[in-house]
Every structure is written in C-alpha cells, then in structure tokens.
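S.K.:
Residue numbers (the UniProt record's numbering), protein chains in the order written: chain A, 1 to 401; chain B, 1 to 368.
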C-alpha cells in the first residue's frame, strides 16, 4: 500500500495545471467561481467544454475510440483535483457521464455516429426526462405515453425535474409503451434529437436559490421518430438501469468537496468570531470544522478505494453507500459555509451570481455563494433516488431480514 | 405557574388568524413579496384597524399589551403565514426600542408615529459576522464641537431601505454604547437596499460623518437597554420561527398523507413516519421552550441566558424541522413554488440574526 502518486503522474499534474492556468477565459473562470450546483452556468460551461474538446480533454472517462483521453483512474483524479483547485466550472454530466456511455453500450451504430460526436464536442446538451409529477421515487409508475404510429411515436404526458431543459437541444427519456404490462415491463427508452418538436413545451421552475435549474416538459401529441429508441420496445427499464450505473460511477466527487473545504478554511482566517478573535482561532468552531474534515477524509478514502478498483467497490451496497455519503457530505459543507458567511448569506443576489452581472455582490464571493450552495444541496438527498430509497436498497444488500 | 393566553389574547389571535388566512395565503404573500415595495399598504391598514400596531406596547406608552405573551401570539402567526410586512422591524424592533427610552420627547413622538402607522422605523444594530455580542459594535459616535458625528456601517437592517427612522447603536469615544435616533433622510446616510432570501426588504446602511444634534442621542451609556432591545428581538424572531415550524409540520403531515408512491401514502413508510415523529418532537420542544421563556420574562426572571437558550433551541430544532420538511416534499420542496422552502429560508435567516445557534449555545453552556 502507498498513497503517493508516481513521479510520472506528478509530471502529468504539471501538464494539466499549465493548461488549466491558461486556457479558460475570464468569463469561464467567473462562472466556475459562481457555481453553486452540479450544474454550472450554462453558456460558460459549454464554452469551456468546447475548449477542453479542442485540447482532446473533454471526456476523461470515455474510451479512446470514442474520443476519450485514455487516462488512468489516477490521471482522471489528478485532472479533477487540478480542475477544482482553480474553481473551473465542471462539465455538465448528462451527456458525458450518462447518456453518452449508454449510447456507446446499447446504441445502434447510427445512434453512435449521430450523437456521440456532439456530446464529446460540447455542441449538444441533453436533458433527462425520467421523473413525472406522480412518478418520483416510484419511477416505474411513469405514465407519459408513446404510441407507435408508422415510423414514429406519438408522445403525450409530462416530465418534471428535467434539468436545464430550457437550455437543452436534446433529451433522453422514458415513456410508457404498454399500459397493460407490469409497471417496469411497459417502458421504453427514447432519444429525442430536438427539443422544439411541435407540441413540446418547456417551463422552467425556480428553485429555492432563485435560479431556474429545473424544468417541466409537456408533450401534446408530439411526433418523434422511432429511430431514437434505445434497446427494444418495452425494455426501457433495463436500459435505464444500465444508465444508472454510469450516473453513479466513474466521476470523482471528493475533489469538489475538498475544494469547498479549502474555501471554508480560507474564509475563516479573517472571519470574526462572535466570541472575539477569528473563527479560525475559535476552539468551538475548530472542533466543529474538525468533525467536517474527518468526515471528508473518510469519504475521500472511500472514493479513492473505489476508483482504484479495490474490492470494497464490488460491494453490492456501493452505489447506495456512495450516493448517501457524497450527498450528506455536500450538505454538511453547505451548512458550514452558510454558518461562516452568517449575515452575509442572507441577501438574495440572483443577479450577482451571473457572469459579468449588472450589480456587483454586496460582499465577497464566499458569502455570495453560501446560501445558494446550501439551498441547492438540499436537493442532493432527493434526486437520483432519495436517500431514504438508498437506505432501503443498502439495507437489502445486508440480508438481515 | 400559568402558560395560557388571556381571553383577550385568544380573541386577538383568532381575529388575526382569520385576517391572515383570508388575505395572506402563500400566493397572496408571493405577490406582495414581488411587488415594488415588497409590502402591502392595505394589509398594514388592516393591522392598524385590528390594533396590532399598538398591541406590542404597554398601556403607559399608549398601547394595550406589550407583554411577552402578546408578542408571542402575534409573532407565531406572522411566522406561520410568512408575513413580510414591516411589523417586525418597525413595531417589534424599532417601536419596542423606542418604548424603552423614557423622558425623551423625540423618542415618544416617533413611537406615536410608528404606532399610528404614519411612519416606519428600523433597528440598525448588527454589523455583519461576529457582532452577535453587543460590545462588538464598531460604529462610532464622536463629538465635534457641539455636534455629534456618526460613522460606520450596519448590515441587514430590516426595512432599512424605506424606514423614516433609524434606531442606531454606536460606540462613543469613551467606549460606552449609545442609542441614537437618526432621520434616514439625513446627509451622509447611504442605503444599499436589497431583498433577502426570505423575501424581506433590507439594507446595508453606511453613516459617513453624519452630523447629529444632541437630541438625536436618546441614551448615553445604553448597554443595558441595547441588550434588552436585542433580547426583545431574539424573542420575537424565535416566536416567528416557531410559527414557521408549526406550519412546516402541518404541511409535511398533509403531504405525507396525500402523496402516493408505490400505491400508498408515503407517510406509511417507516423512514418518513419516523422523520415526521422527529419533527413533532422538535416542534414540541421548541414551542414549550418558547412559552416557558414567555412566562419567565413576564415573571421578570429572564436574563441574557434565557434568551440565548431559546434562540439556540429554535435555531437547532428549526433547521432540523425545515430540512426534514423539504426532504419529505421531495423535488417539490426544492422549488420556490411551495411554502416549505420559504419557511426553511426564513428559519435560516432567523438563525443568522442576533447570534446563531453556535454563539448562543456557548453562552448557555458557560459557567455562571
């Protein structure tokens, strides 16, 4: 056992650092510093995606044949670390981490040729159409229907929590193609090559942080080609399960969490404690920050063991363990940042969170981003399988009952 | 020992509850938040007609109440309905601060105006992170010839953007704390107004060499009174937060009973049932502590620690309830379109003001 990166990897780190120091535009850097969610400001993160693509670095986790970097797990971790250290906006996960790998695995040659290059290059943004108002945790009860008609499907119904659908030009979705079959059995997985089909309406939803990150999408007799189907008709549930594997694996989260911790440690150096002196010197605060640090290191340890292929990662409980740990860690850091920012986190500053805003923030960036980050992090224990559902799944792997 | 309301208080509560359920449901509230002034002139008139503007004051100051239990009755309702009208800053903060100043013509004249609703007041006390302790106040009042000069910056002054009167705390050159009445239109007062995350209007206010005459200094050596003013604020905020907690519990119970997944109400899942049970436990603790504190105050046995304990419990238990409520509501709870998240933001704001959980718990645990 050892914890060090080899000399070669340190050289790789310098190469990455050199590029990340010079390539991003000021607007991209600003967008990164103002990112308070998994989803960075759209325009700037897509611009950054295209710059990384030009360098050949947009898809660290993809196989080389599809335009990936061919990096080792350690290299990808180093890249994520260096990326986060500079507060650069993380590339949007929907294409690179979710639908892209799924198309590689289950798509037709035509679908691969049609869609993978656009995902790789950052030309396309795919929104995910899974949840419905009455199908959340119980996703298999979804009712948005697709009826075959010649070479097409006619879609009717509604999707919700379609992240950034108002910015998207494509969508992957689950539809019901058989109402008679058992819930899971009548579902089909579709790729929509457009978001502007006649009868499709997108409505943004304002979140607690004041930002329109989520959306609803309404379908009224929307005619789409059947050629967008992945897998067989009525076999979409197993397709979606494959995708879930990609959603929950591969990307390192702890470099983001570590960066949040570093920003907190930086902020407390001159943040006054209500008991006099600075927060950094306040023993009560130190104790509480110590607890967050300890939790963070445990998560870093867990994630690195998984990423390096240790058998701990083969535990059937792994996806749930990882989802619960990473989201609770995010929330812990959100609470801590809001605590440090104190009164400075109370003004609502939606405008100042945009790139090159008309009005400057009232306070520093740390205070500006504290409450949006805390509030956005509330959603982490809800999306991608609530943490209650995850605990159910986890408990089932223990075979206690 | 008695923790019950008087008959008059019950009547007031019922009338105010009726008014708010008719005219201050969540959609109406959101329209007011989004309006240009962020408050409703009509609602203020209704408050006035109902006597709410004077209920917060004792009879010898022209009111008909002013007891802790009177504040509790009103504030719980304000919290339950997420009321953004400037009752808290103008009546409970500035008004009650003025009521603590005796033998000062300016103060009683301003108080009359606030009580009749013809002027708005704001309390300009906190200065940002770390000023929960009143002795951390850094705004200065110095003497220049026979005029006083005020310098400094106050943060998160609720209603600070359009208040006529600012009740300001400052440190004198001798190191004592003073309480000042500053006309907001005075030269050298700069207000940076904004909306808070919980839908209120507030401002950061800078005082640059603001020249004041002697009459503006309502109290010299005012540390005791300022602590009382802060304690008043803590009590009112805590009562509001408890009102929010009650609303969150009720909304979550209703949602869990009506929202179905897997063919059954989600409240039938033990994970959620126990979460609801924990919310109820937290609410029972917080509300009991609030009523108990009111009784201690009315028995004139409250000290600073009494208020700290209440503020700490409300902060801890409030956040626990609010985060649980969002979780139970799922995706819907993370949007601005239902009240739940607004209560969370209210509770987070209450915790940030006048000392957070961490500050107050330490005072409660300190010896002596």
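All C-beta atoms, glycine included, are put in the ideal place defined by N, C-alpha and C.
Only a predicted model underlies this, so the values are computations on that prediction, with no experimental measurement involved.
1) Compare the C-alpha of residue 136 of chain B against each of B:169, B:156, B:113, B:116 and name the closest.
2) Do residue 290 of chain B and residue 252 of chain B have their beta-carbon atoms positioned less than 8 Å apart in this structure?
3) Put residue 171 of chain A into one of helix, strand or coil per three-state DSSP.
4) From what residue to what residue does the beta strand (DSSP E) around residue 154 of chain B run?
5) Give me whichever residues DSSP pairs with residue 195 of chain B in a beta bridge.
6) Comparing alpha-carbon positions, which option in A:159, A:187, A:56, A:54 lies nearest residue 175 of chain A?
7) With a threshold of 8 Å between beta-carbons, can residue 336 of chain B be considered close to chain A, or not?
8) Under 9 Å Cβ-Cβ, which residues of chain A neighbour residue 272 of chain B?
9) From the DSSP output, in three-state form, read off residue 291 of chain B for me.
10) With respect to the beta strand (DSSP E) encompassing residue 145 of chain A, which residues constitute its N-terminal and C-terminal limits?
11) Taking 8 Å as the CB-CB limit, is residue 104 of chain A close to chain B?
12) At which residues does the alpha helix (DSSP H) containing residue 79 of chain A begin and terminate?
13) Give me the residue from A:77, A:297, A:61 with the minimum Cα distance to residue 70 of chain A.
14) In chain A, what lies closer than 8 Å to residue 195 of chain B by C-beta?
15) How would you write the range of the alpha helix (DSSP H) that residue 20 of chain A sits in, first residue to last?
16) Assuming the contact rule is C-beta atoms closer than 8 Å, residue 150 of chain B and residue 179 of chain B should be a hit. Round their C-beta distance to whole Å, please.
17) So which residues on chain A does residue 133 of chain B lean against when the C-beta distance must stay under 7 Å?
18) Helix, strand or coil for residue 132 of chain A per DSSP?
19) How many angstroms separate the CA atom of residue 207 of chain B from the CA atom of residue 11 of chain B?
20) In terms of DSSP beta bridges, what is residue 89 of chain B paired with?
21) Give the DSSP-derived three-state secondary structure of residue 248 of chain A in the structure shown.
22) Within its chain, find whatever has a CB closer than 8 Å to the CB of residue 356 of chain B; leave out the 5 residues flanking it on each side and keep chain order.
23) Could you name the residues of chain B that residue 325 of chain A contacts, counting a contact when the two beta carbons are closer than 8 Å?
24) Assign residue 281 of chain B to buried or exposed, taking buried as 16 or more other Cβ atoms, counted over all protein chains shown, within 10 Å of its Cβ.
25) In or out: residue 367 of chain A buried (at least 16 other Cβ within 10 Å) or exposed?
26) With a threshold of 8 Å between beta carbons, is residue 237 of chain A in contact with chain B?
27) Whole alpha helix (DSSP H) runs in the region 217-250 of chain B with 4 or more residues, listed along the chain?
28) Given a threshold of 16 other Cβ atoms within 10 Å of its Cβ, counted over all protein chains shown, does residue 146 of chain A qualify as buried or as exposed?
29) Under 7 Å Cβ to Cβ from residue 44 of chain B, same chain only, skipping five residues before and after it: list those, please.
30) Relative to the C-alpha of residue 335 of chain A, which residue among B:188, B:332, B:266, B:319 is closest?
31) Quick test of the definition: if touching needs 3 or more C-beta pairs under 8 Å, does the region 238-258 of chain B touch the region 114-125 of chain A?
32) Do the region 311-331 of chain A and the region 288-301 of chain A touch if we need at least three Cβ pairs shorter than 8 Å?
33) Can you pull the chain A residues whose beta carbon is under 7 Å from the beta carbon of residue 326 of chain B, in chain order?
34) Identify every run of the beta strand (DSSP E) within the region 176-220 of chain A, keeping only runs that are complete inside it and at least 3 residues long; order them along the chain.
35) Buried or exposed, going by whether 16 or more other CB atoms sit within 10 Å of the CB of residue 210 of chain B?
36) What does DSSP give as the partner residues of residue 124 of chain B in its beta bridges?
M.R.: Let me lay it out:
1) B:169
2) no
3) strand
4) 147-158
5) B:201
6) A:187
7) yes
8) 388
9) helix
10) 145-149
11) no
12) 73-85
13) A:61
14) 347, 348
15) 7-22
16) The Cβ separation is near 12 Å, so there is no contact.
17) 274
18) strand
19) 43 Å
20) Residue 89 of chain B pairs with nothing; no bridge assigned.
21) Confidence is the limiting factor: at residue 248 of chain A the pLDDT is only 48, short of 50, which leaves the residue's position unreliable and the question unanswerable from this model.
22) 132, 315
23) Those within 8 Å of residue 325 of chain A in chain B number zero; the least Cβ separation is about 17 Å.
24) exposed
25) buried
26) no
27) none
28) buried
29) 85, 117
30) B:319
31) no
32) yes
33) 378
34) 187-192, 200-205
35) buried
36) B:168
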